[in-house]
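Asks: One structure, as structure tokens, below. Some questions next.
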Amino acid sequence: MADGMNEKAGILYVVATPIGNLGDLTPRAREVLAQVSLIAAEDTRHSGQLLKHFGIETPVVSLHEHNEAQRSAMLIERLLAGESIALISDAGTPLISDPGFDLVAAAHEKGIQVTAVPGPCAAIAALSVAGLPTDRFVFEGFLPAKPSARRARLATLRNECRTIVLYEAPHRLREALNDLVAALGADRRAVVCRELTKRFETIYSSTLEQLAAMSASDPDMSRGEIVIVIDGAAAEATAVSLDRERLLQALLEELTPSQAAKIAARIIGDKRSELYELAMKLK
Ligand code: SAM
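Here it is in structure tokens:
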């Protein structure tokens, strides 16, 4: 036990559960879920089915985005009183685009031991089958639902050279792929991983443009749960972005951001609005 730990407190187990295939619940997860005093679950009815399937009778309370702050306080009290608690979400690893952050952070603050019971995670499963570089990647979670906010987020990823992993809702797949083509280019390689570990698991690997066309003609592609994995930008694109920054930085020594963006746009042909945004960041 590390220094500063509360030795009388119970343990908070952060337990990964299947992302579709019940066979993926690890034996250790099963054991922990059966032994703790309480399970904190995102949706008690949903997790009830999993627990019933495995004959686990541990009491369950809800912990979701709308009650997390207040529920965490109660769970921390029980942990401090010596009870051990398991945190699970509807599927996969808690805290990964799922609730639990407040509880885990509060447990650390109180010196409560937090233990990982690792297992399925859709982002990692998708990376493992996508066939794109995995030595460096960036997880972006869900893109904003509003088109303007989504496009602004994608603009920041234009020169990202690490592999990009996104979660996407099925009804937004087509729109997201169209926006990805506009932001990252038609020829960028990408992989749509659908229904991983389930009966209709399908991996679509192509360019962004072709994936966008496929999503328009194949309704099955936007059924079920989806992870999009996108190749990073080529090294030259990153070099151009560094040049953009250096150019703007030099211009900003003498000019306002608006003037610097106007001149930089004339020199390198990029959009003035984008350069202005970058200039404001660099200022
Ligand atoms: N905590 C989960 C994890 O570890 O992957 C993610 C929870 S997030 C609310 C749900 C999203 O994860 C889905 O909308 C989808 O993008 C992705 N996802 C979950 N299960 C999946 C599966 N079986 N196949 C593909 N994507 C999946």
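Letter by letter, the sequence shown follows residues 683 to 965 of this note's numbering. Every residue gets a Cβ at the ideal spot worked out from N, C-alpha and C, and that includes glycine. Since we're looking at a predicted model, the values are computed, not measured.
What does a CB cutoff of less than 7 Å around Leu761 pick up in its chain, not counting 5 residues either side in sequence?
Replies: As a first step, residue 761 must be located in the sequence shown, where it is residue number 79. Only Ala691, Gly692, Leu694, Ile767, Ala789 and Ile794 meet the Cβ criterion.
Asks: List the DSSP bridge partners of Val786.
Replies: Mapped onto the sequence shown, residue 786 falls at position 104. In the DSSP output, where bridge partners are listed per residue, Val786 has none listed.
Asks: Going by beta carbon distance, what residues of the same chain come within less than 7 Å of Gly823, once the five residues before and after it are set aside?
Replies: Position 141 of the sequence shown, counted from the start, is the residue given in the question as residue 823. So the qualifying residues of the chain are Ser779 and Tyr849.
Asks: Can you tell which of Gln941, Ala827 and Ser887 has the C-alpha that lies nearest to the C-alpha of Ala858?
Replies: By 1-based counting over the sequence shown, the position of residue 858 is 176. Of the candidates Gln941, Ala827 and Ser887, the one whose C-alpha sits nearest the C-alpha of Ala858 is Ala827.
Asks: For the beta strand (DSSP E) containing Arg871, list its first residue and its last residue.
Replies: Position 189 of the sequence shown holds residue 871. Counting along the chain, the beta strand (DSSP E) containing Arg871 begins and ends at Arg871 to Arg876.
Asks: For Gly764, verify whether its CB is less than 7 Å away from any heavy atom of the ligand SAM.
Replies: Numbered from 1 along the sequence shown, position 82 holds the residue referred to as residue 764. No, the ligand SAM has no heavy atom inside 7 Å of this Cβ.
Asks: Going by CA-CA distance only, name the one from Arg832, Ala947, Asp913 and Leu777 that's closest to Ala868.
Replies: Position 186 of the sequence shown, counted from the first residue, corresponds to residue 868. Measuring from the Cα of Ala868, the nearest candidate turns out to be Asp913.
Asks: Near Cys875, what residues of its chain come up, given a Cβ to Cβ distance below 6 Å and the 5 sequence neighbours on each side ignored?
Replies: For the purposes of this step, residue 875 is taken as residue 193 along the sequence shown, with counting starting at 1. Excluding positions up to five away in sequence, the list reads Ala808, Ile885 and Val909.
Asks: Can you tell me whether Thr845 is buried or exposed? The criterion is at least 16 other CB atoms within 10 Å of its CB, across all chains shown.
Replies: The residue you call residue 845 lines up with position 163 of the sequence shown. So Thr845 ends up on the buried side.
Asks: Within the continuous alpha helix (DSSP H) that includes Glu907, where are the two ends?
Replies: Position 225 of the sequence shown, counted from the start, is the residue given in the question as residue 907. Where Glu907 is concerned, there is no enclosing alpha helix (DSSP H), given that its DSSP letter is neither H nor E.
Asks: Whose C-beta lies closer than 6 Å to the C-beta of Val696 among residues of the same chain, with five residues either side of it excluded?
Replies: Counting from one through the sequence shown, the residue named residue 696 turns up at place 14. Only Leu769, Pro776 and Ala798 meet the Cβ criterion.
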